[in-house]
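Student: My questions will all concern the structure given below.
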Amino acid sequence: MKISTKTINIILFAAIACAVILRIINLGSREFWYDEVLSLLLSTGQKGQYQNPQDIPVILADYTRLLNIPVENSFSDILTTFEAFLKGLVAEPHPFLFFLEQHFWLRIWGNSEAAMRSIIVLFSLGSMGCAYGLGRRLLGFQGGLLFAALLGLNPYYLFHSLNIRMYCSLVFWVLLSSLSLLELITLNTSETKNSYSNKSKIF
Numbered sequence: 001m002k003i004s005t006k007t008i009n010i011i012l013f014a015a016i017a018c019a020v021i022l023r024i025i026n027l028g029s030r031e032f033w034y035d036e037v038l039s040l041l042l043s044t045g046q047k048g049q050y051q052n053p054q055d056i057p058v059i060l061a062d063y064t065r066l067l068n069i070p071v072e073n074s075f076s077d078i079l080t081t082f083e084a085f086l087k088g089l090v091a092e093p094h095p096f097l098f099f100l101e102q103h104f105w106l107r108i109w110g111n112s113e114a115a116m117r118s119i120i121v122l123f124s125l126g127s128m129g130c131a132y133g134l135g136r137r138l139l140g141f142q143g144g145l146l147f148a149a150l151l152g153l154n155p156y157y158l159f160h161s162l163n164i165r166m167y168c169s170l171v172f173w174v175l176l177s178s179l180s181l182l183e184l185i186t187l188n189t190s191e192t193k194n195s196y197s198n199k200s201k202i203f
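Under our numbering, the first residue of the sequence shown carries the number 1, and numbering increases by one thereafter.
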């Protein structure tokens, strides 16, 4: 029995929809783990007040107060917080851009768990969009849907799509860079062909 192209497309669209829904419904349903707390301390500019835990296992409740966005009543306070944020990134081996994005995101949307994780989910959805674009460029419309569905429902990627770490943003920028490079190559090839064709007509 041959499955029609329309049926395959519907299945792929349903898979992508499931991937989106799974991310949205789990926005505020997970506990923070230690590395996420460190990411938030860096993003809020409060790493300077953090001290290495003395006891194991670590009681994350002890760091709750540091996850709150510092009160900023003036432009001077904003600059002070940003200065503390930059100082916290000194000797930090992880990508700077992620913490900068999170820093401004928290000031716009607040520091509820859903708000903290939402930017990660957006990067995840953006990655699925880039995956679709890349797949469509290489394998056509259905290939784009397949690539987006496989990425969206990948258990490992789904798990990290809700972690307040830089993994999702890294995947997004890699896919976006790959798609942009492919577009540039295609554009340059097309322009070269047109130029060659025009020169051929002249001669």
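Idealized CB from N, CA, C, for every residue including glycine.
Quick one: what's got a C-beta closer than 8 Å to Leu139's C-beta in the same chain, skipping five residues either side?
Tutor: Leu146, Phe147
Student: Quick one: Cα of Gly110 to Cα of Asn26, how far?
Tutor: Rounded to whole angstroms, Gly110 and Asn26 show a C-alpha spacing of 18 Å.
Student: Keeping to the same chain, check which residues put their C-beta closer than 8 Å to that of Ile8; ignore five residues upstream and five downstream.
Tutor: Closer than 8 Å at Cβ, skipping near neighbours: Gln142.
Student: With contact counted as at least three CB pairs below 8 Å, one residue from each stretch, are the segment 169–177 and the segment 33–45 in contact?
Tutor: no
Student: What is the rounded straight-line gap between the Cα of Lys47 and the Cα of Trp105?
Tutor: Here the alpha carbon of Lys47 sits roughly 17 Å from the alpha carbon of Trp105.
Student: Let me know if Phe85 comes out buried or exposed under the rule of 16 or more other beta-carbons within 10 Å of its beta-carbon.
Tutor: Result: buried.
Student: May I ask you to report which of helix, strand or coil DSSP gives Trp173?
Tutor: helix
Student: If I measure Cβ to Cβ from Ile120 and keep anything under 7 Å in the same chain, skipping five residues before and after, which residues do I get?
Tutor: Ser161, Leu162, Asn163, Ile164, Cys168
Student: With DSSP run on the structure shown, which of helix, strand or coil describes Phe32?
Tutor: coil
Student: My assumption, with CB atoms under 8 Å, is that Phe96 sits in contact with Leu89. Please give the rounded CB distance.
Tutor: Between Leu89 and Phe96 the Cβ distance is about 6 Å, and since that is below 8 Å, they are a contact.
Student: Which value, in whole angstroms, describes the spacing of the CA atoms of His103 and Ala114?
Tutor: 15 Å
Student: By DSSP, does Arg137 sit in helix, in strand, or in coil?
Tutor: helix
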